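Visitor:
In my numbering, the protein residues as written are 709 to 1265.
1. Hey, would you say residue 919 sits closer than 9 angstroms to residue 962, going by beta carbons?
2. Between the beta-carbon of residue 1075 and the beta-carbon of residue 1061, is there less than 9 angstroms?
3. Threshold first: 4 residues or longer. Then list the alpha helix (DSSP H) segments lying entirely within the region 1194 to 1247, N to C.
4. Going by C-alpha distance, which of 746, 789, 747 and 749 is nearest residue 718?
5. Alpha carbon to alpha carbon, how far is residue 985 from residue 1040?
6. So residue 1046 and residue 1002 are supposed to be a Cβ contact under 8 angstroms. How far apart are they, rounded?
7. Would DSSP call residue 849 helix, strand or coil?
8. Within its chain, find whatever has a CB closer than 6 angstroms to the CB of residue 774; leave out the 5 residues flanking it on each side and keep chain order.
9. Out of curiosity, what's the CA-to-CA distance linking residue 972 and residue 902?
10. Just curious, the beta strand (DSSP E) that residue 755 is in, first and last residue?
11. Please classify residue 836 as buried or exposed, where buried requires at least 16 other C-beta atoms within 10 Å of its C-beta.
12. Among 1121, 1136 and 952, which residue has its Cα nearest to the Cα of residue 1149?
13. Please confirm if the region 1117 to 1131 is in contact with the region 969 to 983, defined as three or more CB-CB distances below 8 angstroms between the two stretches.
14. Using the DSSP secondary-structure output, state which residues sit across from residue 775 in a beta bridge.
15. Identify every residue that forms a DSSP beta bridge with residue 842.
16. For residue 783, does the three-state DSSP call read helix, strand or coil?
17. Assign residue 1143 to one of two classes, buried (16 or more other C-beta atoms within 10 Å of its C-beta) or exposed (fewer than that).
18. Which value, in whole angstroms, describes the spacing of the CA atoms of residue 753 and residue 1032?
19. If you follow the beta strand (DSSP E) that residue 809 is in, where does it begin and where does it stop?
20. By Cβ distance, which residues of its chain are closer than 7 angstroms to residue 1228, with the 5 residues on each side in sequence left out?
21. Alpha carbon to alpha carbon, how far is residue 1236 from residue 1223? Give it in angstroms, no decimals.
22. Give the single residue among 1042, 805 and 994 whose Cα lies nearest to the Cα of residue 1004.
23. Locate the alpha helix (DSSP H) running through residue 1070, then write down its first and last residues.
24. Is the Cβ-Cβ distance between residue 975 and residue 916 less than 9 angstroms?
25. Using C-beta distances below 8 angstroms, list every residue in its chain close to residue 782, excluding the 5 sequence neighbours before and after it, in chain order.
26. Could you round the C-beta distance between residue 780 and residue 714 to whole angstroms and report it? I think they count as a contact, below 8 angstroms.
27. Starting from residue 918, trace the alpha helix (DSSP H) both ways and give me its first and last residue.
28. Using only alpha-carbon positions, find the residue among 1028, 1084, 1151 and 858 that is nearest to residue 1127.
29. What does residue 799 pair with, by DSSP beta-bridge criteria?
30. Would residue 742 and residue 785 qualify as a contact pair, given that the criterion is a beta-carbon distance under 9 angstroms?
31. Expressed to the nearest angstrom, what Euclidean distance is found between the alpha-carbon atoms of residue 1270 and residue 928?
32. Which word fits residue 1108, buried or exposed, when buried means at least 16 other C-beta atoms lie within 10 angstroms of its C-beta?
33. I need the straight-line Cα distance from residue 829 to residue 947, nearest angstrom please.
34. Quick check on DSSP: helix, strand or coil for residue 709?
35. According to DSSP, simplified to helix, strand and coil, what is residue 981?
36. Report the CB separation of residue 834 from residue 847 in whole angstroms; it is logged as a contact under 8 angstroms.
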């Protein structure tokens, strides 16, 4: 799966479709995404809800108000189409049109395979398909036709440039060495050789890079480092956060100051785009004149609340919870509105980040500050309701439970409830949070009991967990043999085909496993539905035979 998505919403959509959609649906959605891809206009923004509807034929339950620039959308749609085909495990034979490989397109257009890779980045839609059991990149003939019709000049230019001959490579390397001795940098060498030899800058850089990697002792650029990987960029950003200066990073990674600053900006942009800014939208947020009201201090109650007496004998963690006063209805409303408004502002700034003309660093500083303020408000709400988690955990705890594990699980439910609570409906948060916490306990506690029942650790637990109510093994064997004799008698009521179906479906043969309807159908050369009909008729016969012989045998429906 691709990881270079520019928009987080498209990546989340990819995760949903590849995880839950059936194979045929993935193929259909890939075709719809490609149709949409061909309709994207330059210098426009597209609403995510509209894109979601075009690809899935469903609209999101909650409007997202999220827009995506056309350049980012085309980039991500191409990745989405490839990921959908990858997750569908689609074989070439299952495709209803001709499929080309990279090598076939390279020969068809008389260009290098690297040029085909550049065309993919420029809009040639690809898919990952199974070629003889192995996944490889493939191109539908219709996708190739669309690309050719929209990029005729690019195709002609690619066909005009043939593969470099050995003489051309030698000339390129010699000229590059002369330019370097004269003090030229890599970018200057690339530009001048591109003009002189009528080759693309990418071809020049690629040729020189290969020469240097294969001939390190006589390399033209011995100190030049190759393209930075994603791990390198993450390391640069992490080092900068921990105090490394731009100059130190330039020296360590052998990059110019401009390159390092661009990497830091890109990595920070990526981190800002991944901030969890989902919030409960309210139309009042559009009234900018009320911002001071939204972001003002928490209203104080008319009467100071009485200090709660801390019960004696509590652990330090539980005793500390009584130091945080409970929120009044007015305070609760104000804090939830403030938290969601802060996220609303940060989300709007993030949507405008790509198109902002001024300093993107200043905009990202604002987003970070708003997000941190929203987190502080959320923490205040959570801390004021931690006592609620403890009280609910007490009602659900059993003698075998770890009380503090329950409290920890309840705290996570409380945090999620805080993010999903719609304050504008006028309900108390404690009511909503109690429902969310108890729902989580009801779901997790049975699983915990089942886990403990299966993985007991001490000898005492193993022997005291339950009484051994099994029969004597010899008696069990005698009963089993008796049942088999009785079953054999009534099986004789069936014809040969029905006996074979029942034996296969219920694994009655020695050491056999039960087979599915499809597997039995494949063995007998008929459809799954026909096997189901025959099985149903055979079971009816067996029930009648068992009733007549007064044999107590359990038969499936």
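C-beta atoms are modelled at their ideal positions from N, C-alpha and C, and glycine is treated no differently. These figures come from a predicted structure and were not determined experimentally.
Guide: Quick answer:
1. Numbered from its first residue, the chain shown carries residue 919 at position 211. Numbered from its first residue, the chain shown carries residue 962 at position 254. Cβ distance not < 9 angstroms, so residue 919 and residue 962 don't count as in contact.
2. Against the chain shown, residue 1075 aligns to sequence position 367. Against the chain shown, residue 1061 aligns to sequence position 353. Result yes, Cβ atoms of residue 1075 and residue 1061 sit closer than 9 angstroms.
3. 1204 to 1214 and 1225 to 1232
4. The residue labelled residue 718 in the question sits at position 10 within the chain shown. Selected option, being the one with the closest Cα: 789.
5. By 1-based counting over the chain shown, the position of residue 985 is 277. By 1-based counting over the chain shown, the position of residue 1040 is 332. So the two alpha carbons sit approximately 20 angstroms from each other.
6. Residue mapping note: residue 1046 aligns to position 338 of the chain shown, counting from 1. Residue mapping note: residue 1002 aligns to position 294 of the chain shown, counting from 1. Contact holds; Cβ gap of about 6 angstroms.
7. As a working mapping, residue 849 is identified with position 141 in the chain shown. DSSP places residue 849 in helix when its eight states are reduced to three.
8. By one-based count along the chain shown, residue 774 stands at place 66. Excluding positions up to five away in sequence, the list reads 717 and 756.
9. Along the chain shown, one-based indexing puts residue 972 at 264. Along the chain shown, one-based indexing puts residue 902 at 194. Approximately 30 angstroms, taken between the alpha carbons.
10. As a working mapping, residue 755 is identified with position 47 in the chain shown. 753 to 755 is the extent of the beta strand (DSSP E) around residue 755.
11. Within the chain shown, residue 836 is the residue found at index 128, counting from 1. Per the 10 Å Cβ criterion, buried.
12. Translated into positions along the chain shown, residue 1149 becomes position 441. Nearest option by C-alpha distance: 1121.
13. With a cut-off of 8 angstroms on Cβ pairs, the region 1117 to 1131 is not in contact with the region 969 to 983, counting fewer than three such pairs.
14. Within the chain shown, the letter at position 67 stands for residue 775. Partner(s): 755.
15. Within the chain shown, the letter at position 134 stands for residue 842. Answer is 839, bridged to residue 842.
16. Start at 1 with the first residue of the chain shown, and residue 783 comes out as number 75. Residue 783 carries a helical assignment under DSSP once its states are collapsed to helix, strand and coil.
17. Position 435 of the chain shown, counted from the first residue, corresponds to residue 1143. Classification for residue 1143: exposed.
18. Working through the chain shown from its first residue, we reach residue 753 at position 45. Working through the chain shown from its first residue, we reach residue 1032 at position 324. Distance between the alpha carbons of residue 753 and residue 1032: 46 angstroms.
19. Here residue 809 refers to the residue found at position 101 when the chain shown is read from its first residue. Here the beta strand (DSSP E) through residue 809 covers 807 to 809.
20. Within the chain shown, residue 1228 is the residue found at index 520, counting from 1. Closer than 7 angstroms at Cβ, skipping near neighbours: 1209, 1212, 1213 and 1239.
21. Walking along the chain shown from the start, residue 1223 turns up at place 515. Walking along the chain shown from the start, residue 1236 turns up at place 528. The straight-line gap from Cα to Cα measures roughly 12 angstroms.
22. If you number the chain shown from 1, residue 1004 lands on position 296. Checked all of 1042, 805 and 994; the closest Cα to residue 1004 is 1042.
23. Along the chain shown, one-based indexing puts residue 1070 at 362. Counting along the chain, the alpha helix (DSSP H) containing residue 1070 begins and ends at 1068 to 1092.
24. Along the chain shown, read from residue 1 onward, the residue named residue 975 stands at position 267. Along the chain shown, read from residue 1 onward, the residue named residue 916 stands at position 208. It is not a contact, given that the beta carbons lie outside the stated cut-off.
25. Here residue 782 corresponds to residue number 74 of the chain shown, with the count starting at 1. Excluding residues within five positions, the ones whose Cβ falls inside 8 angstroms are 745, 748 and 831.
26. Looking up residue 780 in the chain shown gives position 72. Looking up residue 714 in the chain shown gives position 6. Yes, residue 780 and residue 714 are in contact; Cβ-Cβ is about 4 angstroms, under 8 angstroms.
27. For the purposes of this step, residue 918 is identified with residue 210 of the chain shown, where counting begins at 1. Residues 909 to 922.
28. Locating residue 1127 in the chain shown gives position 419, where the first residue counts as 1. That would be 1084, whose Cα lies nearest to the Cα of residue 1127.
29. Here the question's residue 799 lines up with position 91 in the chain shown. 838, per the DSSP bridge assignment.
30. Indexing the chain shown from 1 puts residue 742 at position 34. Indexing the chain shown from 1 puts residue 785 at position 77. Yes, Cβ-Cβ distance for residue 742 and residue 785 is below 9 angstroms.
31. Residue 1270 lies beyond the stretch modelled for the chain, which goes from 709 to 1265, so this question has no answer here.
32. What you label residue 1108 is simply residue 400 of the chain shown in a count that begins at 1. Any answer about residue 1108 is weak, because its pLDDT of 47 lies below 50 and its placement is not dependable; what the coordinates show is given next. Residue 1108 should be labelled exposed.
33. Here the question's residue 829 lines up with position 121 in the chain shown. Here the question's residue 947 lines up with position 239 in the chain shown. Distance between the alpha carbons of residue 829 and residue 947: 31 angstroms.
34. Locating residue 709 in the chain shown gives position 1, counting from the first residue. Three-state DSSP puts residue 709 in coil, outside helix and strand.
35. Within the chain shown, numbered from 1, the residue matching residue 981 stands at position 273. Residue 981: helix per DSSP, three-state reduction.
36. Within the chain shown, numbered from 1, the residue matching residue 834 stands at position 126. Within the chain shown, numbered from 1, the residue matching residue 847 stands at position 139. So it is a contact: roughly 6 angstroms between Cβ atoms.
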